[in-house]
Amino acid sequence: MNFLNLPQNQVESKTYFSVQKKFDYKNISLLQNYITEQGKILPRRMNNLTSKQQRDLTHAIKQARILALLPFLNQEN
Numbered sequence: 517m518n519f520l521n522l523p524q525n526q527v528e529s530k531t532y533f534s535v536q537k538k539f540d541y542k543n544i545s546l547l548q549n550y551i552t553e554q555g556k557i558l559p560r561r562m563n564n565l566t567s568k569q570q571r572d573l574t575h576a577i578k579q580a581r582i583l584a585l586l587p588f589l590n591q592e593n
């Protein structure tokens with residue numbers, strides 16, 4: 517049995533990143549979907565991303581924070 521193939525009843529889920537292939541720190545509306553209200557990056561198990569996709573997403577979010585496109589903390593009172 518080839519363990520690399522998925523069983524017939526399982527379907528591989530398609531996310532934006534499996535279709536798009538490119539992460540962009542300038543796409544703020546997309547990055548905000550993967551950040552909590554407090555400004556924390558959501559973990560991989562909640563995003564349903566691969567580890568490489570999660571690393572690329574984290575890198576894009578951190579770039580956007582450094583360039584002041586995203587806040588480091590959400591300070592709404």
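Okay, so the sequence shown: first residue is 517 according to my numbering, each after it adds one. Using N, Cα and C, we set each Cβ at its ideal position, and we do this for glycine too.
1. Output yes or no for whether 8 Å exceeds the beta carbon distance between residue 573 and residue 550.
2. Among all the DSSP beta bridges, which residues are the ones paired with residue 605?
3. Give the C-beta separation of residue 541 and residue 589 to the nearest angstrom, bearing in mind that I take them to be a contact with Cβ-Cβ under 8 Å.
4. Could you please give the first and the last residue of the uninterrupted alpha helix (DSSP H) stretch that includes residue 542?
5. Just the C-alpha distance for residue 564 and residue 587, rounded to the nearest angstrom, thanks.
Result, derived from the coordinates:
1. Position 57 of the sequence shown, counted from the start, is the residue given in the question as residue 573. Position 34 of the sequence shown, counted from the start, is the residue given in the question as residue 550. Yes, the pair counts as a contact, with Cβ atoms nearer than the cut-off.
2. This structure cannot settle anything about residue 605, because the visible part of the chain is limited to 517 through 593.
3. Locating residue 541 in the sequence shown gives position 25, counting from the first residue. Locating residue 589 in the sequence shown gives position 73, counting from the first residue. Incorrect: roughly 18 Å between the Cβ atoms, too far for contact.
4. Along the sequence shown, read from residue 1 onward, the residue named residue 542 stands at position 26. No alpha helix (DSSP H) holds residue 542; DSSP gives it neither H nor E.
5. By 1-based counting over the sequence shown, the position of residue 564 is 48. By 1-based counting over the sequence shown, the position of residue 587 is 71. Computed Cα separation, rounded: 24 Å.
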